[in-house]
Structure formats: C-alpha cells, structure tokens
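2 protein chains.
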Amino acid sequence: SVNPDLASERQTTSFCVEKLTALLDGGAEQTRIRRAVVEAIQSDPVFSTENQYFQTQNERYEAAVRKAVHLQKKMHEMGWTENGPEYKYIYRALSGDVAFLLHRVFMRSISVLGSDKQIAKWIPLATQLRLIGSYAQTELGHGTYLQGLETTAVFDIATQEFILNTPKISAMKWWPGDMGRSATHTVVFAQLYIHGKCYGIHPFIVQIRSLQDHSLCPGITAGDIGPKMNFEAIDNGYLMLKNVRIPRENMLSKFCEVRPDGTYVRQGSQQINYFTMTTVRISLISDEVLTPLMKACTIAIRYSVVRRQSKLKPGEQEAKILDYQTQQEKLLPQLAAAYAFHFINHYLQELFDRGYREIQRKNFDMLPELHALSSGFKAVITHHCTAAVEICLRACGGHGYSLLSGLPSLYTKIIASCIYEGENTILLLQTARFLIKCFMAASAGHPVPPSVTYLAAVKPGKCPAKNKSDFLNPDIYTEAYQHVAVRLISSTAAKLQDLIQSGAKKYDAWNQCTVQLAQAAKAHCHYITVKNFAETVEKLETKAGIQRIMKHLCDLFALHGIFSNTGAFLHDGYISAAQTDMVTASYLDLLAVIRKDAVPLVDAFDFTDKSLNSALGSYDGQVYQRLYEWAQKSPTNKMSPAYERYLKPLLHNTLSKL
Amino acid sequence: SVNPDLASERQTTSFCVEKLTALLDGGAEQTRIRRAVVEAIQSDPVFSTENQYFQTQNERYEAAVRKAVHLQKKMHEMGWTENGPEYKYIYRALSGDVAFLLHRVFMRSISVLGSDKQIAKWIPLATQLRLIGSYAQTELGHGTYLQGLETTAVFDIATQEFILNTPKISAMKWWPGDMGRSATHTVVFAQLYIHGKCYGIHPFIVQIRSLQDHSLCPGITAGDIGPKMNFEAIDNGYLMLKNVRIPRENMLSKFCEVRPDGTYVRQGSQQINYFTMTTVRISLISDEVLTPLMKACTIAIRYSVVRRQSKLKPGEQEAKILDYQTQQEKLLPQLAAAYAFHFINHYLQELFDRGYREIQRKNFDMLPELHALSSGFKAVITHHCTAAVEICLRACGGHGYSLLSGLPSLYTKIIASCIYEGENTILLLQTARFLIKCFMAASAGHPVPPSVTYLAAVKPGKCPAKNKSDFLNPDIYTEAYQHVAVRLISSTAAKLQDLIQSGAKKYDAWNQCTVQLAQAAKAHCHYITVKNFAETVEKLETKAGIQRIMKHLCDLFALHGIFSNTGAFLHDGYISAAQTDMVTASYLDLLAVIRKDAVPLVDAFDFTDKSLNSALGSYDGQVYQRLYEWAQKSPTNKMSPAYERYLKPLLHNTLSKL
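Chains as they are written, first to last, in full-length UniProt numbering: chain G, 1 to 658; chain H, 1 to 658.
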C-alpha cells in the first residue's frame, strides 16, 4: 500500500510520466529494453544488494567477484553481448557493484594499444576470464602528471627482455582497481630505457600472480591499499616491481616498438588513442554522475512529501516538509540540474559520436574543441552533481545520515568523480587554455570552433528585461549567461596580457590568473548547458505537457544560477540590481510551481526500489516501517562481547530493582 | 626524519608558533595542561585509535565501551575530576571515540530536571557506572518539532504509576546514543496524560534492560538503528514501549509534579533549563566543529607542501602543489575560517558565561539575544566548516579519498553537526525572527540588544575604498559587511510587510520569505564574525609577529567572503564593480603572502600525530611510507574466500606461463 501522502502527489500530474521516461531513455523501445535488463538482473538473487549496508569491505569484495563471474554466465544465458542494445544497462542495473571493471580497461588498452598479434593472444583469454587484468598507471607520487611516472622498463638486448623496476617508494603503483587481490596480469606504464636513453612512458603487460595458486610472482610485491570512502567492492591495489623480467613481445606495440636490436620505432597515428582517453570523461557522466544524482533526488523528494514536521498554518496538521519554501529551494534546483545535465550529456554524446566518425576519416580538426568540452564538462558536471547529492542528503535530516537512506553511499561514491579521470581544477584550466586561445583568435578575426563562435560576436549592452516574467524568456537569460562567459574570458585574457606586458614570465602570469581562468571555464560550460536546455525544450513542441514542465525546469536551472551568483551578472551592469530582484522573484515563484509536479518528475527517472536501495525513497513511501525492518537486520543487533567483558562487572553490583 | 620539503617550510616562520599555540589555548598554562592530558591518554594503549579505519561497526562499539570503562579508572588514577582544568581536554584527546556520551546527558537531565530526591537517588549510581543511562527524545517521526512527539505516559491513580506507550511506529524513539546496546535506563520524553487530559511533553526515567543479565525489560523493544555515515562507535538505538509501568516517582519533577491524587503542579522557573539547552549549541562548536576543521587544514596543508606534481616553471623540479594559486585558493580561506571561528567561539563563550551569571541573578533580559546568537552561529559555523573540510579532502586528490588520510572520517562526522542539535535551516529562521523583530523595534526607535544596535544606525552611502590596499583596512570591509546585513534584513522585513499588507496570511508571508530570511541571518552572523576577528587582531598589539599574520588571515577571511558573494555587496551599489576588482586583486595577493606561513599556522594547532591519525598529515610529512605501511595492515590484505570459490575454477584452465 502506498503512503497516502505520496499517493496524493501522483494524482494531479500535469504530464504523462511514462512519456517523459521514454524521452529520457531515448525512445519507448529503449525503455522496454532497459526494464527487461533491470528485471533480469534484479530478480536474480546472486546480484542482490540487500545486505550491502551491513557488509565489511571483505564481504563486499567477495560479493563483487561472485557477481562478476556470474554475470558472464548470465549474459550467455540471456543472449546479451557486448555490442548488443542491452549492454549499457547491465552496469546500471548492478549499481556498479561488480568486480573486474579494470579488467575491461585492461582489455580496452590491449585492443587500442596492442598489435594485432598481441590482441589475438590476450583478448580471447581475457574475454573468457581465464586471466584477470588490471591497468597500472597511477603511482603513489604521480596521478595528474603522467610524464612524471617513475617506474622504469629497461631493455636488455642480451635476453630480449624488459626489466621492470620501482626505483623508489613514490614510484609504487597505487589505486589500480582489481589489482589488490584479483588480477593475474596488469598493464604497467613505465619509462622505457634503451641503451640508457629514456623514451618516455610506454605500456607493458606484466604477470603479477601465479595462474596455479594465485601467489605473487617473483619480484612482485602487491596488495590492497585498504579502506576508502566508498568502492568497498573494488580491490584497489599497490604494486612494486623488483627486477621483473618480461619478454620483448609484452610491450604493447601498435604505436611504438622496440626491435630485437634495440631500435625504437614509432608508427601510426595516436590521435584516435588520445581521443579514446578524452571520451572516457564523457562516458562516465551518465552512470557515475547523473544516475546517482537522479537517485538522490528521487529519495529526497519522495521523503519530503512523506515527512511531516511542524505546522505551516496554525491549527492544521503538520505540513509536508516539501511545502516549506526552504526545502523547495534545497531540492528543486537539484532536480532541474539533473535534467539540465541529462540533456547536455545527450548533446555531448552526439558531438563525440560525430567526432569519432571524423577522426576515423583522418579529420582531426574537432580534437581541440572536443578535448576542451570533455574536460570542462567533466569538471562542471561532477562538481555540481556532487554538491547536489550532498544537499539532498542534508535535506533529509537525521534519516538522510543513516546508511539505510542510501544517500551517504551515493555521496561518498559521487565525490570520487571530482578526482578520478582528471582532477577537476586541472581540467578546468585545460578548458580555459582553449578558451583563451580561441578568444585571441576570434579577436584577431580568425575562425574558431563552433562552440566558441560566440566569443567573436561580443556585444556590449544591457539586459532588456522589464519585469519578472521577462526572465522566463530563454533568450533573455541565455544571453545573460553568454555575456558573463564572454566577460570573464575576455577580462582574464586581458589580465594575462597585462601581466606579461609588465614583464612577468608567461608561466608565472598564467599561475596568477588560474583562479579566474577556472571561473571563466565554468561560466562557459554553464552558458552552453543553459543554451542547450532551452533549445531542447523548444524542440519538444509536440509534447505539450512535457514541454511545459521542462520549460519550468529550464527556467529554474537558469534563474537559480543567476540567483546564486548575482555578482557575475551585476558586475558590469549587464543586469541591474532591480533586475536581480526580478530574477529572485521569478525564481521563488517557480519553486512553488514545480513543487506540484516534483514527485512525478522523479518517478519519471524510473528507478526500481532495488536500484535505489533506500529506506526513504521507495515507490510506496513506507519510510518508517522500512527503517525499522532494515535496522533489525543490522549485525549490530547481536549481543556484543562488550557486555560480558566490560558492562557486566559494573552492573552486577547494582540492585536489581531501582 | 622530517621530509625536507616540509622542514623547509618551518625555517622562515614570521612568528613564534609556540606563542600562537598559547594564544589559541588561552594561555601557556592551558597549553601545558592540555599537553599533559593528551600525553596521558595517547600513551595508554587502551585508548589507541591505531586500527580504527580497519574496524567494523561492532569492533568500534566494543572499543568505545572498553575506553569508557577504562576512562573512569584513568581519571581516578590521574586525579582528574569533572570540575578540574583537565576535564575539557579529555574528550578531545580521545577524538570523541568513547562510549557513554549520552550517559552524561542522562545525568545532566536528571541534575537539571530532577528533584533533590531524584538527584540523590540516581546521580551516585550513574557516576559509578552502576547503571548506564540514555536520553530518549527524538522519534522516528519527530526531531525538530518537539511538541509533535507521540509517545504517551498515562497516569494510573489506582497503582500510582505512569503507563508508557508507543502508540504508532512513527512514535518509536530513534537515534538516542548508548541506547541501542548499552543502556539499562533512559529518560523518555512523552506526552503526559492525567484523567484523559494532555499536559504536554515531560521526562520520565524508564528502565529498559535487566541489571542482572541485560535482557530487555517486559514491554520493551529496543536495538541498534544500524549503520550510519560515521559514529560507528556509538550504539544509536530504537525503543518501543508497550504498557511499560513506572512508579510515579520516576517523572523528573523539579519543574512539574503529579501528586498522588492526579493533581498537576507546575513549580519554579524553567528559564535556566531552556538556557542550558541553548548553550549546548555553543558548547559543541569547539570539539565537534572547529577541531575537525583544524585537523583537516593541518592534514591538507602539510600534504600540499610534500606533494609535488607537474611543473610550474619549465625545466625545474615538479612544484609543491601549494605553490599553485588554485590550491592556495582552496586551502588558505579554510585556514582563515578556522581562526575566524575560533575567535568568535571565544567571544560567544564569554557572552554565554556572562548570560549564565545574569540568569542566576534572575535577570532574563539577555535570553532572546543569546538564543538568536546560538542558533545562528551554530548554523553558520557548522555549515561553513563542513564545506571547508570537504574542500580540504578534495584538495588532496586521490590520497584524500583513502580513509587512511583521516579526511573522510572528519568529513562524515562533521556533516552531522549541520543536522543535530537543531537543523541548520530551522535555526537560521529562528535567528531571522529575532532580527526582524529587532529591526522593527529599532526602526520605531525602541532599544534593542547590543549585538543588533547596528540595525538602528542605518547609514546610506558608498564604500570609500579608492585602491586595492584600502581593502586591507578592517573598517572598510567591516562596514561593507554591516551594510549588507542591514540591507538584507531591512529588505526582507519590507517584503514581509508588503505581503501582509497585500492580504497574505502572516504564516504564508513568512514562508514566502524564508529563503531570504535565512540569507539575512547568515549575513548577520558573517558580519559579527568579521567584526570580532578585526577587533581581536587589534588587541594583539603587543605580539607583533602574531598580530601581523592574524591581520593577514582576518583580511583573507573578510575578502574571501566578498569575493565569493560579490552580488550581495554590488546589489545596491555600496561597492562598485571597480571596487570588487580591487577586492579580487587584494584577495589573490594575500594568498601568496599567507602561503609562506601556511605550515607554521597549522603547526600552531598543535595536534599530535595520534590525534590526526592521518597518513598524509603527520608532523614529519613521510606520506608515502606511511600510506604503504598502513595499507599492509588492512584486513583486505588477507586471502579472500573469493579466490577458492570463484577465481580458481576460472584460472586453473589457463596455461601456467603465457
């Protein structure tokens, strides 16, 4: 039975939830396939996540290995293949709680960096899980700066082998998933030396554990790096190499080869390889960033119509907490952001597909723009969504703090996305470098890539809005965002120029501008997100109910951004103080409007209760019963040795009845 | 041996670290006492936190009970008493990792709410730990709104007993610490009924577990609420009561009593009791909020001078990450905030001590102001410090994400402070209500409490700063903060009036203004913090080196606040766009200045390595060695059953040598 306070929220929906779900999935057929995958996975007890919040890191690891091995069987049974339409839904249906994710990266790196012969040897074994691979790049002392990696691979002509070494502790490989306990092999990135000359970083396949008894191979020290904020299921590992010899054939040699006589040969174009690395940043957005935010919104919003606390009107029943303006102001902008980023992700996916086709045709023109977009959006979306999940967690008060709410795990996992695959600040500065370059080019009248043509058409002027409803016009706010992006990019470019002209070294001038450069990169991505949301809404014209509510969300996303950062818009007077008051008024009005459809808007994300794994967020809203039922299963509800050891000696001296 | 990259940071200190430590402690004698307590606790192996990051919730609970019992012995041995100067340092030295904290609340509630007879009966038993108490207020369905609690206590004249019940699931007590597994008794808050009439919430002492065998008493259902984001050591519990009978004498009766014939008698003044509750919000700031932030700053800043990544200047060695402007901009404002809030906390403590003396003299005039200050500052400080710890965590990249860094635990613990002892948004609105009232009074020419007299002296005008160095004048920025606070309070008061005059109900108008009211309350607290920091710096005149660096931190704190929220200052033109550019320039300049003293500034917090319990933050900066040593101790470095069960069957089919 559905909690009546939640049921009532579904009775006055202004749009068709099922149609919105199909829109989010990219068509009703996709929805059907997704649901079939989810059903097949979640009805299989091997994939259960039921006890997840009660398990130790060791138990989580074991379950993840069990699931990974079972998944292979399941895919075979179901007829799912890596190229089939079901594939992309499997990981999501498992909530990522499965081992051997780095094994896939191991396979991909061999496919992309290996010769045909290497592919033919390793890929079939890996596909059948007859070995388990990992990907050993990051070191204790080096993450961001790859050229600084310290592991060495010295070519020994006499034996036709590479000798791998970890010359000092900071060179120890650290973090690679699947390496701590599972992997038998790994791709090690090391500085290649031939005849004492360094040729830079290259990838080598190294066996680290015996295939007979899983013991560490000679010269190998490896293990698990221990507890982390999340990812308990993954055995992130460390690896030290001491005179580990591998055959010459184990250097991945699609692009570079060491001949038997020690000659170093570079061949082919690595462009497509760099492009692959760039796309990883975009490909993680959907499952690792948007899905967690959508789950957090679902949990927090459903809870907020079930939870009643204090009285809004004297003499009446206690109010649903979502009826308080402050609660709306916490949650609804996060909901709008989930939609905004869903649509920009869709846009980026299409752009990258197009880029891939161009690159295959040896047209590399789009590469700098794609690199800048993937860096900037990875940083902006992961940062924004991490903050949003934290807001959802805190908006649920004490119950949000219980692991049983599901929110702490979503948060402790999503926050890692700000760090991995490129630390966010570094990425923003890469985008900024591109923007400054394009701005200079545009100023000099040179052509620039499509996403930055707006930099060429700088118009001074003022925002023409006359009343608060003018701010519900997408042209008005999109132009305001554009104006701010141009202003921040151009003013930082000017500061950079000034510093250099006053005699500062270029690298020093750059460092002195980095705080503002990062802001400029953010403003650029924010502008494109708003513009894309507005354009998406416009294209929905045939789906009236959906278009109306999406328009509200787009307005809310845009106005929330102005409301929270008015200084950027006020700075040069593009928007006046009176206009920011109009923005505030429109923004607060919108909260009350969207609040009415808040539950249907999260229902459209279509998560099953098993996917959410939350005592607060289930479809039926039976929050208190579920918290109580789940708590009773906790291992902390067994007798503790603490009683016999410490408490009994104290208490047995007390009178039996006080 | 100290890492040379860290050692070099300590060679050019512009002030005496030891003197700054004494200033923070409130005198060199306090420093001596604190160090003695820390030494005594941390050298005792029973109090070790060495394996904390590897332990399960069950192991943490057991250790916390062991420590709590041992602490009693230790205090006796050391001659420490609850009223002695050492007492306040004990909890900090234990990093809060000890059981029976709610037992202390149980005792305090009896001391404050109980009759002399009740105190004489219960306190000696509790002091000797011959019973273990808890404090059962919060219910599944009620936290913030105490009047809404649903547990009932019905007086039965025939037997002279109260009959306690949990009428529905939302009335189940939920969260009380020490109740899940340890407590034998608890103070239950319940609606008192006599002859069918409800007299509101009252406290009752209820035995929940046998003193003989710790089994649950008849009618009692109780247990542990399960896993949380942190506080693994604490057995937060649930409690259901079914016709539980307790003697009439068990209602705490200092202020209210039920006579044998069922007459309800109210006696004495509860003001001092309410005041006690208010002070809890202030008393938690030091240990629960400032200490974690200071620890996070220590860890992140020490790590940032040891970690080298990428090149700042071409051809040179990789740079310390603290030399990047973006890293300075992440960490140094958090360091400045730690100092700013340390000083405002000192100010609030003194104010509350004065308030306590006044109230004992039956002068209750200060109560509304103290309530408003404790609410607002609890919200502002916990929010700000939580965000700051998160920034420190993320600024350490991947290594910050490891539990071994200590940062995740600091974060997952401090975030709870935004929720407990009054949810932050609710608290801000209580402060706002006070501010609106005072603003109206001041506008009408009535006298107002000292902290808000500035509302009476509203001066229009503009910020007089002419160049960036003018923004290093505390008068300039303090007045800007004051101006913004007045503007936000007065404009929200005006909006509230307008809404009511246009016919809105008062409660509805209030709800429509709450987003802005919360902002106004924050601005008020921010202003007082800046003002107090500037005044504190001024009083340091005899300690030149310290005064200089504190002045820099005060400037940084103030300018960071303007830089991050320029809209509020630009809105009515008090600060012009050109002036915000001056703020930005001064702010960025300050980063480079303070960066030089960053390590000594965290050294002054004087944490031992054991207090920090961080592989990144130790005094010697041997980060990589420690990460490796600690990881090797992780229980995840034992053979997992997953190998025999799942991996071996796959791998033994593979050739032994590939």
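Just so you know, even glycine gets a beta-carbon here, dropped at the ideal spot from N, CA and C.
Given residue i as reference, the closest of the options once Cα atoms are compared
{"i": "H:ILE549", "options": "H:PRO4, H:ASP5 and H:LYS19", "result": "H:LYS19"}
{"i": "G:HIS342", "options": "G:ALA36, G:PHE364 and G:PHE377", "result": "G:PHE377"}
{"i": "G:THR278", "options": "G:ALA509, G:PRO368 and G:ILE234", "result": "G:PRO368"}
{"i": "G:VAL452", "options": "G:VAL389, G:GLU423, G:MET366 and G:CYS392", "result": "G:MET366"}
{"i": "H:THR580", "options": "H:VAL593, H:SER564 and H:ARG595", "result": "H:SER564"}
{"i": "H:TYR347", "options": "H:LYS531, H:TYR481 and H:CYS463", "result": "H:LYS531"}
{"i": "G:ASP261", "options": "G:ARG181, G:GLN160 and G:ILE225", "result": "G:GLN160"}
{"i": "G:GLY315", "options": "H:VAL38, H:GLY148, H:ALA631 and H:GLY114", "result": "H:GLY148"}
{"i": "G:LYS168", "options": "G:SER134, G:GLU150 and G:GLY177", "result": "G:GLU150"}
{"i": "H:LYS88", "options": "H:HIS70, H:LYS121, H:ARG35 and H:VAL46", "result": "H:ARG35"}
{"i": "G:GLN519", "options": "G:ILE436, G:ILE194 and G:ASP470", "result": "G:ILE436"}
{"i": "G:GLN267", "options": "G:LEU290, G:CYS256 and G:THR276", "result": "G:CYS256"}
{"i": "G:CYS463", "options": "G:ARG66, G:GLN501, G:ASN345 and G:VAL583", "result": "G:VAL583"}
Chain G within 7 Å of residue i, Cβ atoms only
{"i": "H:SER640", "result": "yes"}
{"i": "H:TRP80", "result": "no"}
{"i": "H:VAL486", "result": "no"}
{"i": "H:TYR643", "result": "yes"}
{"i": "H:GLN267", "result": "no"}
{"i": "H:ILE208", "result": "no"}
{"i": "H:ALA578", "result": "no"}
{"i": "H:LYS531", "result": "no"}
Pair within 7 Å by beta-carbon distance, residue i and residue j
{"i": "G:LEU591", "j": "G:GLN328", "result": "yes"}
{"i": "G:TYR643", "j": "H:HIS214", "result": "yes"}
{"i": "H:LEU252", "j": "H:PRO203", "result": "yes"}
{"i": "H:LEU131", "j": "H:HIS185", "result": "yes"}
{"i": "G:VAL98", "j": "G:ALA64", "result": "yes"}
{"i": "G:ASN637", "j": "G:THR49", "result": "no"}
{"i": "H:THR138", "j": "H:LEU241", "result": "no"}
{"i": "H:ASP603", "j": "H:VAL305", "result": "no"}
Residue-level contact to chain H via CB, residue i, 7 Å cutoff
{"i": "G:ILE234", "result": "no"}
{"i": "G:TRP175", "result": "yes"}
{"i": "G:ASP224", "result": "yes"}
{"i": "G:THR636", "result": "yes"}
{"i": "G:TYR53", "result": "yes"}
{"i": "G:GLU29", "result": "no"}
{"i": "G:GLU316", "result": "no"}
{"i": "G:THR453", "result": "no"}
{"i": "G:ASN250", "result": "no"}
{"i": "G:ILE198", "result": "Ile is not the amino acid found at residue 198 of chain G; the sequence shown has Cys there. For G:CYS198, the answer is no, since every Cβ of chain H falls outside 7 Å of its Cβ."}
Sheet register partners of residue i (DSSP bridge)
{"i": "G:LYS237", "result": "According to the sequence displayed, residue 237 of chain G carries Gly and not Lys. Answer is G:ASP224."}
{"i": "H:ASP156", "result": "H:GLU161"}
{"i": "G:ALA136", "result": "G:VAL188"}
{"i": "H:GLN207", "result": "H:HIS185"}
{"i": "H:MET251", "result": "H:PHE204"}
Chain A within 7 Å of residue i, Cβ atoms only
{"i": "H:GLN482", "result": "The structure shown has no chain A; the protein chains it does contain are G and H."}
Q. Do the region 436-447 of chain H and the region 346-362 of chain H make contact, defined as three or more Cβ pairs closer than 8 Å?
A. no
Q) When the Cβ atoms of the region 400-416 of chain G are set against those of the region 333-351 of chain G, are three or more pairs found closer than 8 Å? A) Contact fails between the region 400-416 of chain G and the region 333-351 of chain G, because fewer than three Cβ pairs, one in each stretch, are under 8 Å apart.
Q: Give a yes or no on contact between the region 419-430 of chain H and the region 273-291 of chain H, applying the rule of three or more CB pairs nearer than 8 Å.
A: yes
**Q.** Contact between the region 542-558 of chain G and the region 569-578 of chain G (3+ Cβ pairs under 8 Å)
**A.** no
Q. Would you call the region 592-599 of chain H and the region 9-23 of chain H touching, i.e. three or more CB-CB distances under 8 Å?
A. yes
Q. Within the chosen definition, does the region 105-120 of chain H reach the region 75-87 of chain H through at least 3 CB pairs nearer than 8 Å?
A. no
Q: Examine the Cβ distances between the region 206-223 of chain H and the region 163-181 of chain H and report whether three or more of them are shorter than 8 Å.
A: yes
Q. Is the region 287-302 of chain H in contact with the region 321-340 of chain H, if contact means three or more CB pairs nearer than 8 Å?
A. yes
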